[in-house]
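In our numbering, the protein residues as written are 10 to 102.
We put the beta carbon where it would ideally sit given N, CA and C, even for glycine.
Only a predicted model underlies this, so the values are computations on that prediction, with no experimental measurement involved.
Here's the structure we're looking at; comments come further down.
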């Protein structure tokens, strides 16, 4: 969960890093590399971070599904009560 929430500051930091690099390039270097190259690098970095974030969210849902479908019945049989989890049972079980 920590990695998933740190994705957004990572995107903002990456775009800020690109802006700093662009600002500190000499005039002939910035015209040689081109503004659009930095634009596309920024978009590619943000897209990769969002893909990573989507992967992490899907993994969280898979973990919840595992707990609800596999682990809950096993623990419920062991402790002999459904109140062990201290939250409502979902429609999955």
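Taking only three categories from DSSP, how would you classify residue i?
i: residue 78; result: helix
i: residue 90; result: coil
i: residue 22; result: helix
i: residue 65; result: helix
i: residue 34; result: coil
i: residue 102; result: Note that residue 102 scores 47 on pLDDT, short of 50, meaning its location in the model is unreliable; the coordinates nonetheless yield the value given after this. Here residue 102 sits in coil by DSSP.
Once the 5 residues before and after residue i are set aside, which same chain residues still bring their CB inside 8 Å of it?
i: residue 16; result: 58, 59, 61, 62 and 65
i: residue 88; result: none
Short of 7 Å in beta carbon distance, which residues of its chain neighbour residue i, apart from the five on each side in sequence? Order them along the chain.
i: residue 27; result: 47, 50 and 51
i: residue 33; result: none
As a quick exercise: from the options, pick the residue whose alpha carbon is nearest that of residue i.
i: residue 55; options: 20, 87 and 93; result: 20
i: residue 23; options: 67, 70, 53 and 68; result: 53
Just to check my reading of the structure: residue i and residue j have Cβ atoms closer than 8 Å, yes? What is that Cβ distance to the nearest angstrom?
i: residue 9; j: residue 94; result: The chain is shown from 10 up to 102; residue 9 falls before or after that span and cannot be answered.
Return the chain-ordered list of same chain residues with a C-beta closer than 6 Å to the C-beta of residue i, the five sequence neighbours on each side being excluded.
i: residue 31; result: 47
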